Amino acid sequence: MTAVLMHETPAVLQEWLDRRRALGQDGFDEVWDGVYHVVPMAHGRQGATEHEVAFALRPFVKAAGLRSSGPINIGGPHDYRVPDGALFRAPETALWNPTAAVVIEVLSPDDESRLKFDFYFRAGVEEVLLVDPLERTVEWFVRGDTAFVAADRSALLGVSTVYLTDGIEWPDRG
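What follows is the structure, given as structure tokens:
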């Protein structure tokens, strides 16, 4: 479901957003060009998949001299996305990170991960990794001239989609 509210936020909605923030339920929410996106907490299989991907990528990340992170803000306070993971050329220490070398998105039904590609490209992200725990697939995208293009391996890490797909202990689909 998508809802866009124009102009001022109604008081009841602002109270709900404030309550979500107070309870820590807004950790995956995003702002797209000033439009607030409420994102539900992830399914348990998402966290399991994130850990499996991090474990499988760890030796490649270290060899490439990159640093890994879990969910993190890419962009600024009025326009940002929160990928499920990211790889950086230097340790990330800021609340708002302008870019990342690689962003990792673990797909869930009806999510907006693919809609983030233009933003990530404009932000200077070098590669996007999409992981689908339901389909048990991995897709790499690298920078082309004007957009991300599909690739069979990471140019930064040298790891193939086949290797990564085979290296993940996939969670149950239930």
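For the working numbering, count along the sequence shown from 1 and bump the result up by 25. Every residue gets a Cβ at the ideal spot worked out from N, C-alpha and C, and that includes glycine. Computed from a prediction, not measured in an experiment: that's the story for all the values here.
Check                                                                                                          : Outcome
Own chain residues within Cβ distance below 7 Å of Phe173, not counting five before or after                   : Phe142, Phe146, Val153, Phe166 and Val167
Residue range of the alpha helix (DSSP H) that includes Ala89                                                  : Looking at the DSSP string, Ala89 is not in any alpha helix (DSSP H), and its letter there is neither H nor E.
Own chain partners of Arg45 with C-beta closer than 7 Å, once the 5 adjacent residues on each side are dropped : Asp51
Ser138 and Ala111 closer than 9 Å at C-beta                                                                    : no
For Ala100, the three-state DSSP class (helix, strand or coil)                                                 : According to the sequence displayed, residue 100 carries Gly and not Ala. In the structure shown, Gly100 sits in a strand (DSSP, three-state: E or B).
Environment of Gly100 [buried if 16+ CB atoms lie within 10 Å]                                                 : buried
Exposed unless 16 or more other CB atoms sit within 10 angstroms - verdict on Gln71                            : buried
Cβ neighbour criterion (16 or more within 10 Å) applied to Arg158                                              : One point to set straight first is that residue 158 is Pro, not Arg, in the sequence displayed. Buried is the call here.
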